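**Student:** First the structure, which I've put down as structure tokens, then a few questions once you've had a look.
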Ligand SMILES: Cc1cc2nc3c(=O)[nH]c(=O)nc-3n(C[C@H](O)[C@H](O)[C@H](O)COP(=O)(O)O)c2cc1C
């Protein structure tokens, strides 16, 4: 136990030191983790053999990441992508594999080994690329979207690769390993539902598993989440989310499919669910930590001994592979008309080999396709290329982007619309009205509420709404607060509304805040916190009722309308000075008990102001449409 | 033969009725007339949000349209302008299919602070009321309505003191009846500077 604690502490420590440093120097978190890994692994030697086991565990971060990616992709969007996915991804894998295979053959590898190496290097790193896209907000760019299509296709392509590789086994390697074969077979025989099934039955099982994920995700998840949400226990919701992801991963592994693909599919199915944001904010931290761990293990796994003795070939192959991959991607970008800096982003971001490379390499060794020493060297190539990727992103940021900055400014503006432009926190009676009004005017809204019944009622009438606590920073983040133009705060908790205003104004100063206040005190607090527009919830309805009362008592409706406007103006006149005196009072006195007295004071001040000369003047000698005096013509005639 | 009667629509615009000395009783007279639909525009649309469909339907249902208002800066009060801008749409009041108003009769019943003498080329207002209302006259022409000369109460600020209001109201009642029963000499009514002078001569027995 003690050993675990120490190890965990070392990993965390390395991450805590290295990652913020890397970010500070603009290197991105991925490079930070990698460096941390190198330091605690090969350099200081604090960690060692366990990294391999850890890596398998940490690969689960990739699974979670694909689940989150799936959540962001509605089924319709995925369907719209299908052509690009197949054409772009297929060509990338095909061309890259072909060129690398040819090169391997040229350098004297047997064709089967060359082909295996080609397949392995055709894959890119979903983990690094998507994480970096996220961090640098590149996911929604053309380059980012296309890169994602390719990554998704690669993830799918891993499955046939796993089927193909054993067929390439080398007879002499098999012979060599004959002795150890029993052991190897045992290792290979993991828990499986499909081992030994005939082809058609295997097909059926796979279809059933996928159907289970889709149908279950669609019909069962909602009642389940509702049941859990109603309990009001946050950690149980987190447990449910984890259960879901891990369960799907297990199911997929059992039928021999990629867990990442399975959870991705589940994510897509849940993309339309009202629980999407809550799921995202629950899974996100796990994903981040596991991915970080994964990157550390990549760094720690670099074997400096092997590297030192093969430094020439390793560097050469790495450079060669990255060049080939980048070139293929660049040509594809030309063919598919990906323009400007996006073309570069597409080519540079996917130029590395990926984490599936490790998996496939150990798999090929197990299946006697590649000799161990070659696999070890290639493993280094994969790691090194991943290590260099953050450098390529920095190159993209510092060199490529500035070159295209001008030509792209106009175009980027209209891509923001994807996330709701207005986030409405709190969808009670007040928030609902605001939402209806904005949507009726074609404004995109994202609605958040912590009461599942409200969210469900709205879902029924087709309002896009999500379950979750709007005052949680991570939920706001997943709701897209960075890209939102406005946050409407209509939650039913005074203090939290103020806190939320403070937080958002501080963290995202560009987001406008329109807030609903309960009374004048709350109004002032919100104003103090920085809200851009505040309305007291009863103000207009009370005025309106007063106006209708006047009409019913015989005042002409137009007149009553003017009276109402006059009263509003008067209040407005006094608002600022009232606010100032409120501010002074609150800053002076420590006890909120003083508020009440203060407001009584303020109300008296307003009442007094209304009776003042100024108001009387407006009320009696009315200014609007005053006819000229009776004898005005004489005066005009005289002056003529 | 009541079914043969023309239907009259009075659109009344006065933003400060609690201080109105002449328009208010004039409008009341309209409300009491059996052949008249009397609409107080400021009452119906205190926020100026005019219901276009409703107003167009009203126009379709009536044969005589009367704008009734105090002269404000030689023109109508704001809401009547708003009403024109919104209701007289292309395709309804003018344009290829815009024939809803063709053949109807249109006139203004107004009150003016200035005296009749002032509304002459030699007077301090330099133009006659008919001249000043030419935008409305042309609007009637474009929409195919027969424009009658305006029914005016001059020196309206002194009308109560000089006991002229009741006579004016009586004249208005007669005018409305004549319009409803179609016993008005339209040709003459179109050509006069104002309708008031010798109004009784215009009634065909
Ligand atoms: C805003 C305003 C503008 C006016 N402009 C004119 C004008 O241009 N010519 C004129 O003769 N009288 C003008 N007057 C006087 C009104 O026409 C007069 O007060 C009205 O006809 C009296 O009717 P009432 O007692 O029903 O309000 C104006 C009055 C107001 C309040």
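Chains as they are written, first to last, in this note's numbering: chain A, 1 to 640; chain B, 641 to 845.
The C-beta atom is built at its ideal place from N, Cα and C for all residues, glycine as well.
Owing to the predicted nature of the structure, the values given are computational and were not obtained by experimental measurement.
1) Where does residue 512/A sit, in a helix, a strand or coil, going by DSSP?
2) Skipping 5 residues on each side, what residues in its chain have a beta carbon closer than 8 Å to that of residue 198/A?
3) Please find out if some non-hydrogen atom of ligand 1 comes closer than 6 Å to the beta-carbon of residue 749/B.
4) Should residue 418/A go down as buried or exposed, given a rule of 16 or more other Cβ atoms within 10 Å for buried?
5) Under a three-way DSSP split, which group does residue 706/B fall into?
6) The beta strand (DSSP E) with residue 676/B in it runs from where to where?
7) Cβ of residue 671/B less than 7 Å from any chain A Cβ?
8) Let me confirm a value: residue 20/A is counted as buried when at least 16 other C-beta atoms fall within 10 Å, else exposed. Which label applies?
9) Taking 7 Å as the CB-CB limit, is residue 774/B close to chain A?
10) For a contact defined as C-beta to C-beta under 9 Å, what are the partners of residue 70/A on chain B?
11) Three or more C-beta pairs under 8 Å: does that hold for the region 334-351 of chain A against the region 289-305 of chain A?
12) Name the residues in the region 542-560 of chain A whose C-beta lies less than 8 Å from a C-beta of chain B; which are they?
13) In the DSSP assignment, the alpha helix (DSSP H) including residue 471/A goes from what residue to what residue?
14) On a Cα-Cα basis, can you pick out the residue from 766/B, 656/B, 835/B that is closest to residue 595/B?
15) Determine the DSSP secondary structure at residue 1/A, reduced to helix, strand or coil.
16) Using a Cβ cut-off of 7 Å (strictly closer), state whether residue 830/B contacts chain A.
17) Which residues mark the beginning and the end of the alpha helix (DSSP H) in which residue 796/B is found?
18) Given residue 165/A, which residues of its chain have a CB within under 8 Å of its CB, disregarding the five upstream and five downstream residues?
19) Within the structure, which residues are defined as neighbours of ligand 1 by a Cβ-heavy atom distance below 5 Å, reported in chain order?
20) Using 8 Å as the cut-off, can you tell me whether the region 126-140 of chain A makes contact with the region 65-80 of chain A, which would need three or more C-beta pairs spanning the two stretches below that distance?
21) Consult DSSP for residue 417/A and reduce its assignment to one of helix, strand or coil.
22) Per DSSP, what are the beta-bridge partners of residue 747/B in this structure?
23) Please name the residue or residues paired with residue 241/A in a DSSP beta bridge.
24) Does DSSP classify residue 785/B as helix, strand or coil?
25) Determine the chain A residues that contact residue 755/B at a beta-carbon separation under 7 Å, and present them in chain order.
26) Ends of the beta strand (DSSP E) at residue 425/A?
27) What whole-angstrom Cβ distance do residue 154/A and residue 30/A have, given they're in contact under 8 Å?
28) With a CB to CB cut of under 6 Å and the five nearest residues on each side skipped, what residues in its chain are close to residue 745/B?
29) What separation, rounded to the nearest whole angstrom, lies between the Cα atoms of residue 723/B and residue 268/A?
30) What would DSSP say about residue 182/A, mapped onto helix, strand or coil?
31) Label residue 748/B either buried or exposed according to how many other C-beta atoms from any shown protein chain fall within 10 Å of its C-beta, with 16 as the threshold for buried.
32) Nearest to residue 341/A by alpha carbon, out of 466/A, 283/A, 393/A, 503/A?
33) Just tell me which of 735/B, 680/B, 736/B has its CA closest to the CA of residue 720/B.
34) Spell out whether any CB of chain A is found under 7 Å from the CB atom of residue 691/B.
35) Taking just the CA atoms, how far does residue 382/A sit from residue 388/A?
36) Leaving out five residues on either side along the sequence, give the residues of the same chain with a beta carbon under 7 Å from the beta carbon of residue 207/A.
**Tutor:** This is what the structure gives:
1) Counting from 1 along the first chain, the entry for residue 512/A is found at position 512. The answer is strand: DSSP assigns residue 512/A an E or B state.
2) Position 198 of the first chain holds residue 198/A. So no residue of the chain qualifies.
3) Indexing the second chain from 1 puts residue 749/B at position 109. The answer is no for residue 749/B.
4) As a first step, residue 418/A must be located in the first chain, where it is residue number 418. In this predicted model, residue 418/A has a pLDDT of only 42, less than 50, meaning its place in the structure is not dependable enough to derive any value.
5) For the purposes of this step, residue 706/B is taken as the residue at position 66 of the second chain. Residue state for residue 706/B is assigned as strand, using DSSP reduced to three classes.
6) Within the second chain, the letter at position 36 stands for residue 676/B. For residue 676/B, the uninterrupted beta strand (DSSP E) run begins and ends at 676-680, by DSSP.
7) Position 31 of the second chain, counted from the start, is the residue given in the question as residue 671/B. Output row for residue 671/B: interface = no.
8) Residue numbering aside, residue 20/A sits at position 20 when the first chain is read from its first letter. Exposed, since its Cβ has fewer than 16 Cβ neighbours within 10 Å.
9) In the second chain, residue 774/B corresponds to position 134, counting from 1. For residue 774/B, not one C-beta of chain A is nearer than 7 Å to its own C-beta.
10) As a working mapping, residue 70/A is identified with position 70 in the first chain. The premise fails here: residue 70/A is roughly 48 Å from chain B at the closest Cβ pair, so nothing lies under 9 Å.
11) Cβ pair count under 8 Å is below three, so no.
12) Here the close residues are 556, 557, 558, 559, 560.
13) Here residue 471/A corresponds to residue number 471 of the first chain, with the count starting at 1. That residue, residue 471/A, is in no alpha helix (DSSP H); it is neither H nor E in DSSP.
14) Outside the displayed range of chain B (641 to 845) lies residue 595/B, so it cannot be described from this structure.
15) The residue labelled residue 1/A in the question sits at position 1 within the first chain. DSSP places residue 1/A outside both helix and strand once states are collapsed to three, so it counts as coil.
16) Your numbering for residue 830/B matches position 190 in the second chain. Contact with chain A is absent for residue 830/B, since none of that chain's Cβ atoms lies less than 7 Å from the residue's Cβ.
17) Locating residue 796/B in the second chain gives position 156, where the first residue counts as 1. Taken as a continuous stretch (DSSP letters only), residue 796/B belongs to no alpha helix (DSSP H), as it is neither H nor E.
18) Numbered from 1 along the first chain, position 165 holds the residue referred to as residue 165/A. So the qualifying residues of the chain are 116, 119, 360, 363, 364, 367, 369.
19) Environment of ligand 1, chain-ordered: 625/A, 627/A, 660/B, 661/B, 662/B, 663/B, 710/B, 711/B, 712/B, 713/B, 714/B, 751/B, 752/B, 753/B, 754/B, 796/B, taking every residue with Cβ within less than 5 Å of a heavy atom.
20) The region 126-140 of chain A makes contact with the region 65-80 of chain A, as at least three CB pairs between them are under 8 Å.
21) Numbered from 1 along the first chain, position 417 holds the residue referred to as residue 417/A. With a pLDDT of only 39 at residue 417/A, under 50, the local geometry of the prediction cannot be trusted, and the value read off the model is given with reservation. Helix.
22) Residue mapping note: residue 747/B aligns to position 107 of the second chain, counting from 1. For residue 747/B, which the question treats as bridged, DSSP gives the partners 706/B.
23) By one-based count along the first chain, residue 241/A stands at place 241. Paired residue(s): none; residue 241/A is not in a bridge.
24) Your numbering for residue 785/B matches position 145 in the second chain. Correct three-state label for residue 785/B: coil.
25) The sequence position of residue 755/B within the second chain is 115, counting from 1. Those are 633, listed as they occur along chain A.
26) Within the first chain, residue 425/A is the residue found at index 425, counting from 1. Taken as a continuous stretch (DSSP letters only), the beta strand (DSSP E) holding residue 425/A covers 422-425.
27) Sequence index remark: in the first chain, residue 154/A carries index 154 (1-based). Sequence index remark: in the first chain, residue 30/A carries index 30 (1-based). Actually they are not in contact, since the Cβ atoms of residue 154/A and residue 30/A sit about 18 Å apart, beyond 8 Å.
28) The residue labelled residue 745/B in the question sits at position 105 within the second chain. Taking C-beta separations shorter than 6 Å and ignoring five residues to either side along the sequence, the partners of residue 745/B in its chain run 704, 786, following chain order.
29) By one-based count along the second chain, residue 723/B stands at place 83. By one-based count along the first chain, residue 268/A stands at place 268. Rounded to the nearest whole angstrom, the CA to CA distance from residue 723/B to residue 268/A is 54 Å.
30) Looking up residue 182/A in the first chain gives position 182. Summary for residue 182/A: the model assigns pLDDT 43, below 50, so the residue's position carries little reliability, and this model does not support an answer.
31) Taking the first residue of the second chain as 1, we reach residue 748/B at position 108. The residue is buried, with at least 16 neighbouring Cβ atoms inside 10 Å.
32) Looking up residue 341/A in the first chain gives position 341. Nearest C-alpha to residue 341/A: 393/A.
33) Here residue 720/B corresponds to residue number 80 of the second chain, with the count starting at 1. Of 735/B, 680/B, 736/B, the residue nearest in Cα terms is 680/B.
34) The residue labelled residue 691/B in the question sits at position 51 within the second chain. Taking a beta-carbon distance threshold of 7 Å, residue 691/B does not count as an interface residue toward chain A.
35) As a working note, residue 388/A is residue 388 in the first chain. As a working note, residue 382/A is residue 382 in the first chain. If I take the Cα positions, the gap works out to 10 Å.
36) For the purposes of this step, residue 207/A is taken as residue 207 along the first chain, with counting starting at 1. Within the same chain, and ignoring the five residues on either side of residue 207/A in sequence, no residue has its Cβ closer than 7 Å to its Cβ.
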